[in-house]
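Input: a single structure, listed below in structure tokens.
Numbering (the UniProt record's numbering), first residue to last: 1 to 361.
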């Protein structure tokens with residue numbers, strides 16, 4: 001019986017090849033940031049209001065033209081076919097059925113067109129709530145082809161990962177010798193993107209030479225909303241505003257890039273203050289309970305993303321597992337709102353959150 005997100009992880013651990021489990025579960029170096037993301041939420045307490053009840057809580061959100069049944073979206077995660085044969089197809093159907101926005105990874109093992117088709121088949125009466133995660137490539141012609149492919153598939157926003165000038169180092173992966181996908185799997189979005197490359201699969205290039213000029217270039221080449229994923233410093237948030245960015249996904253890459261950076265929820269109030277309400281700030285990293293969702297929203301996040309929980313659900317029970325993970329988070333969110341005296345998301349304000357004093361909790 002799956003009663004919490006953590007139940008799915010325990011089942012996934014028993015079913016996955018240990019090398020693949022470590023790939024999903026692990027973080028960079030000493031995994032300090034990996035642990036900090038969850039600990040950041042644990043240091044926060046909720047201070048509820050009373051006698052303000054409402055029979056039914058309002059959970060729906062609208063983000064960059066996408067409607068969702070709750071402020072919990074699927075953050076981009078790679079290689080879903082490592083944990084289940086249907087991979088991102090199953091994930092997409094589950095997200096669509098739950099009314100959640102899915103961010104398709106550039107490193108998906110199912111092509112974005114097939115992911116979009118799975119969404120449409122699951123909810124034929126609604127437009128796909130599908131965004132695309134992008135690593136800007138030094139080869140701008142290749143980047144433009146990727147953006148065009150995602151747009152034509154039906155993705156309605158671009159989530160540009162900017163925290164990866166080089167690849168983070170996972171000591172788990174090095175010990176396990178996990179350096180590439182097994183035979184038969186590949187990053188399908190990187191295949192045959194341009195004429196004259198039949199059967200070719202490009203590698204994702206991490207480049208320390210990327211700059212704000214590349215963001216400007218992307219802004220000129222797409223009409224889609226652009227969110228930056230991985231901005232952690234408030235000054236970079238202010239720069240993002242000046243460069244025409246439409247939103248931020250506050251993320252430390254699940255602790256997989258630079259180890260020892262703070263948890264995202266610890267950074268959230270400062271980032272919200274930096275943008276001053278001019279663009280939405282979303283958050284991922286360490287969200288495991290509905291109480292975590294409420295804490296983040298109360299501190300100013302427009303929505304939260306979940307990554308590993310989705311993969312655990314997929315590994316444990318395929319499409320049903322992913323859908324149950326999302327349903328659990330929605331049920332916990334609704335229950336927490338009721339206990340906090342909130343009739344909807346707009347009732348969540350910073351005064352409902354307290355930081356646990358040092359030495360306690």
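Every residue, glycine too, gets a C-beta built ideally from N, C-alpha and C. What you are looking at is a predicted structure, and each value in this text was computed from that prediction instead of being measured.
Taken in chain order, the whole beta strand (DSSP E) runs of length 3 or more contained in the region 72-101 are 72-74. When secondary structure is reduced to three states using DSSP, residue 265 falls in the helix class. Around the Cβ of residue 177, a 10 Å sphere holds fewer than 16 other Cβ atoms; the residue is exposed.
Assignment of residue 42 by DSSP, reduced to helix, strand and coil, places it in the helix class. Residue 109 places its beta carbon 8 Å or farther from that of residue 6.
In this structure, 257 is the residue among 262, 257 and 261 with its C-alpha nearest to the C-alpha of residue 26. Listed in chain order, the beta strand (DSSP E) elements of length 3 or more contained wholly in the region 213-265 are 226-229 and 247-250. Contact between the region 200-219 and the region 154-171 is present: 3 or more CB-CB pairs across the two stretches fall below 8 Å. Residue 291 is a Cβ neighbour of residue 336, given a cutoff of 8 Å. Apart from sequence neighbours up to five positions away, the residues of its chain that approach residue 204 with a beta-carbon distance below 6 Å are 135, ordered along the chain. For the pair residue 206 and residue 237, the CB atoms are not nearer than the 8 Å cut-off. Leaving aside the five residues that flank residue 241 on each side, the residues in its chain whose CB is nearer than 7 Å to its CB run, in chain order, 275, 278 and 279. Between residue 142 and residue 193 a beta carbon distance of about 6 Å is seen, short of the 8 Å cut, so the two are scored as contacting. Residue burial is scored here from C-beta neighbours: residue 300 has at least 16 other C-beta atoms within 10 angstroms and is therefore classed as buried. Taking all protein chains shown into account, residue 216 has fewer than 16 neighbouring C-beta atoms within 10 Å of its C-beta and is therefore exposed. By the criterion of a C-beta distance shorter than 8 Å, residue 65 is surrounded in its chain by 156, 157 and 225, once the five residues flanking it on both sides are discounted. Beta-bridge partners assigned by DSSP to residue 284: 305. In the structure shown, the three-state DSSP call for residue 127 is coil.
Residue 132 has its alpha-carbon roughly 10 Å from the corresponding atom of residue 227.
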